[in-house]
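Residue numbers (my numbering): 12 to 347. Where is the CB? At the ideal position from N, CA and C, for every residue including glycine.
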Amino acid sequence: MAFTEDRAYELIESAHRRQRLAHAFLISGSRESGKEALAARVIQLLQGQGGGGGIDLFGEAVPVEVPPLDEMAGEWVRIVRPQSKSRRITVDSIRELEKSLHVVSGEGTWKVGVVCDADRMMPAAENAFLKTLEEPPQQTLLLLLTENAGGLLPTVLSRCVRLPLMGGSRDHDEGGLMLLEALDGVAESGLGSPEVALGLKACFSEILGAVKVQAEAAVKELLKEEEKALKQAVEGDWLKRREEALKAVAEADYLSDRARLFDLLQSWMADVLRIKVAAGGLELPESRVATSAVAEREDLPLLMRRVDALRELRATLDTNAQEQLALEVGFLKAFA
């Protein structure tokens, strides 16, 4: 169940008032869903400034102004974001955060650690963070913010109270925009032919190819940075092992981006189904004209088969199936 930003804040405020506040929250949601605003409000609450701004001349409550999240960083509030050129959160960043959280604060003073884009933590960073999640210092709150909760380790997810937020807009990258343009384009002429299915598959594969190149380039850049910093201090064998580890990171990034593209595919097809049954609540309102055209042409059983075919394709790709062959078969089932 997803919450509005206000409802999520009310739940946290209530738990804090009853002294039942959890030590870690995973706040997930699309861009502009209010993740950072919620984190800032929670910090303000713990700092004793969340009680309202009093009453105005007309007897109305005056809302408290909440500064942007980054402006709240200070001695007892630490904010971690991806910093390197590869847009990863390194283990050093997490260790620095943990060190600050273990500093003893005054009585009644909360320490807050916020990890933005938490799914960008490198494996070593996530593993290092697990210890703090398992044994948090007294009066410490951890807030993990992400658009992609599935990109985190299950052991991290299991140690957080999950607060998915509704609303906001998807931040489509170049690949996502290309895929949406292709889907909207074929909707005009209609689905139901091998040419359409294979054309969409070719577009999807092209985007995946660019994603893989980008992920590998980012990891190479990170390795170059580490080699430059550590060349004189470590053995060549360590750098070789490190290179292998970073290759695994590149593969994980690729799979995460592929999953996001599949989310987009499935959301588009689900919107067609929603329009067909007049359900409302479109995930991609910008594609309403295209999805409405498909919904008008196709009957409900056929649309259900297309939805099932995409779900089946995604499950197949989670196995060791050959990617391109699986995509070809799956797209023919879903779009031909």
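With a threshold of 16 other CB atoms inside 10 Å of the CB of residue i, please say whether the residue is buried or exposed.
{"i": "R31", "result": "exposed"}
{"i": "D329", "result": "exposed"}
{"i": "K235", "result": "exposed"}
{"i": "E107", "result": "exposed"}
{"i": "V300", "result": "exposed"}
{"i": "T166", "result": "exposed"}
{"i": "P147", "result": "buried"}
{"i": "G45", "result": "buried"}
{"i": "R28", "result": "exposed"}
{"i": "V53", "result": "buried"}
{"i": "G201", "result": "exposed"}
{"i": "S204", "result": "exposed"}
{"i": "K212", "result": "buried"}
{"i": "E16", "result": "buried"}
{"i": "V288", "result": "exposed"}
{"i": "Q150", "result": "buried"}
{"i": "A13", "result": "exposed"}
{"i": "S173", "result": "According to the sequence displayed, residue 173 carries Arg and not Ser. Answer is exposed; the Cβ neighbour count stays below 16."}
{"i": "G161", "result": "exposed"}
{"i": "R271", "result": "buried"}
Looking at the structure shown, is residue i part of a helix, part of a strand, or coil, going by DSSP?
{"i": "T302", "result": "helix"}
{"i": "L313", "result": "helix"}
{"i": "V288", "result": "coil"}
{"i": "R131", "result": "helix"}
{"i": "V91", "result": "strand"}
{"i": "A198", "result": "helix"}
{"i": "E145", "result": "helix"}
{"i": "G59", "result": "coil"}
{"i": "D319", "result": "helix"}
{"i": "S204", "result": "coil"}
{"i": "S25", "result": "helix"}
{"i": "A84", "result": "coil"}
{"i": "E76", "result": "coil"}
{"i": "D268", "result": "helix"}
{"i": "R10", "result": "Here the chain has residues from 12 to 347 only, and residue 10 is not among them."}
{"i": "L49", "result": "helix"}
{"i": "L293", "result": "coil"}
{"i": "T330", "result": "coil"}
{"i": "R308", "result": "helix"}
{"i": "R106", "result": "helix"}
{"i": "V260", "result": "helix"}
{"i": "N138", "result": "helix"}
{"i": "L219", "result": "helix"}
{"i": "D282", "result": "helix"}
{"i": "S111", "result": "helix"}
{"i": "E187", "result": "Looking at the sequence provided, one finds Gly at residue 187 rather than Glu. Of the three classes helix, strand and coil, the one that applies to G187 here is helix, per DSSP."}
Quick test of your reading: residue i and residue j, contact by CB under 8 Å. State the CB separation rounded to the nearest angstrom.
{"i": "A347", "j": "V207", "result": "7 Å"}
{"i": "C127", "j": "R92", "result": "5 Å"}
{"i": "L163", "j": "A129", "result": "6 Å"}
{"i": "C171", "j": "L22", "result": "In fact, because the Cβ distance is near 14 Å, the residues do not count as touching under 8 Å."}
{"i": "K122", "j": "S116", "result": "5 Å"}
{"i": "L190", "j": "L275", "result": "6 Å"}
{"i": "A261", "j": "A306", "result": "Actually they do not touch by this definition, with Cβ atoms about 39 Å apart."}
{"i": "A50", "j": "I105", "result": "So it is not a contact: roughly 17 Å between Cβ atoms."}
{"i": "T157", "j": "S39", "result": "5 Å"}
{"i": "S303", "j": "I286", "result": "5 Å"}
{"i": "R89", "j": "G124", "result": "5 Å"}
{"i": "I218", "j": "G186", "result": "4 Å"}
{"i": "S216", "j": "Q335", "result": "7 Å"}
{"i": "A345", "j": "L324", "result": "7 Å"}
Can you tell me which residues form a DSSP beta bridge with residue i?
{"i": "R173", "result": "L37"}
{"i": "G124", "result": "R89 and L153"}
{"i": "I100", "result": "M132"}
{"i": "F14", "result": "L176"}
For the segment 310–328 and the segment 290–297, state whether three or more C-beta atom pairs, one from each stretch, are separated by less than 8 Å.
no
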